[in-house]
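J.: Got a structure for you, written out below as structure tokens; questions coming shortly.
In this note's numbering, the protein residues as written are 33 to 255.
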């Protein structure tokens, strides 16, 4: 099955992507499922999973979150309770494990997007080695090299902030069934391989503009 394990919805401050649009483009772009990983919020993933059921979608939605640890971002998949930002990576991962969640280190060497800067010594289930929003190949190549040397399973994710880009990069997952738990278990077992390509630079620039506009709106009290 083909999953995009790194998708942002409008519950992220730098995204305006609606859940209906994400579900539409996920189906259009050939995905079996995706994980909603909004910044420090689990609400989007939970609501998108419910929305998929409401409209009878065949797309599998994994509730997740992109936690801002003290050293960089960490993806937690299959989450049920919030994890507060600002904790050390080790404490963040510990809290994820207490929920039985899957841990992925996203874009570890993309420092402009709060990459954590390393993967060695971290209790992670996988490393994101193909992130569509890396404008150059360097961060992805470095992540792949580190994952291979350390024996970590490798995954891909679009890191999409616009619905059209969902599935731009993805993870092939060999799961025993089409349930969320079976998919998470396959990731834990390393039954994964990354695929796909990059997000066009125009979309990356547009998302950055939306993020700055949203921040300005909140400061002015109009968003």
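All C-beta atoms in this analysis are idealised placements derived from N, C-alpha and C, irrespective of residue type, glycine included. Nothing here was measured: the structure is a model prediction, and the numbers come from that model.
Going residue by residue through the region 48-123, where are the continuous beta strand (DSSP E) segments of at least 3 residues, counting only ones entirely within it?
T.: Segments of the beta strand (DSSP E) lying fully in the region 48-123: 65-68, 92-100 and 105-109.
J.: Look up residue 187 in the DSSP assignment and give the residues it is bridged to.
T.: 160.
J.: Could you check whether residue 40 and residue 192 sit closer than 8 angstroms to each other, using their CB atoms as the reference points?
T.: The answer is yes: Cβ separation under 8 angstroms.
J.: Taking the CB atoms as reference points, tell me whether residue 234 and residue 201 lie closer together than 8 angstroms.
T.: For residue 234 and residue 201, no; Cβs fall outside 8 angstroms.
J.: Decide if the region 204-217 is in contact with the region 166-185; the criterion is three or more beta carbon pairs, one per stretch, under 8 angstroms apart.
T.: Flag = no, the region 204-217 and the region 166-185 do not touch.
J.: Checking 8 angstroms against the spacing of the C-beta atoms, do residue 152 and residue 175 come in under that value?
T.: Not in contact: residue 152 and residue 175 (Cβ atoms no closer than 8 angstroms).
J.: What's the C-alpha gap between residue 36 and residue 95?
T.: Taking the straight line joining both Cα atoms gives about 12 angstroms.
J.: Can you check which of these residues, 162, 47, 125 and 166, is closest to residue 177 by C-alpha distance?
T.: Considering only alpha carbons, the answer is 162.
J.: Can residue 93 and residue 68 be called in contact, C-beta distance under 8 angstroms?
T.: Cβ distance < 8 angstroms, so residue 93 and residue 68 count as in contact.
J.: Could you say if the region 216-230 and the region 69-89 meet the contact criterion of at least three C-beta pairs nearer than 8 angstroms?
T.: Flag = no, the region 216-230 and the region 69-89 do not touch.
J.: How long is the line joining the alpha carbons of residue 112 and residue 127, rounded to whole angstroms?
T.: Using only the alpha carbons, I get a separation of about 11 angstroms.
J.: Just to confirm the assignment, what range does the beta strand (DSSP E) spanning residue 36 have?
T.: It spans 34-39 - the beta strand (DSSP E) in which residue 36 sits, taken as one unbroken run.
J.: Classify residue 211 as helix, strand or coil using the three-state DSSP reduction.
T.: Correct three-state label for residue 211: coil.
J.: Answer with buried or exposed for residue 140, where buried requires no fewer than 16 other C-beta atoms within 10 angstroms of its C-beta.
T.: It counts as buried.
J.: On the criterion of 16 or more Cβ atoms from any shown chain inside 10 Å, does residue 169 qualify as buried, or is it exposed?
T.: Answer is exposed; the Cβ neighbour count stays below 16.
J.: Could you spell out where the beta strand (DSSP E) holding residue 132 opens and where it closes?
T.: Per DSSP, residue 132 belongs to no beta strand (DSSP E) and is neither H nor E.
J.: Identify whether residue 233 lies in helix, strand or coil by the three-state DSSP scheme.
T.: Three-state result, residue 233: helix.
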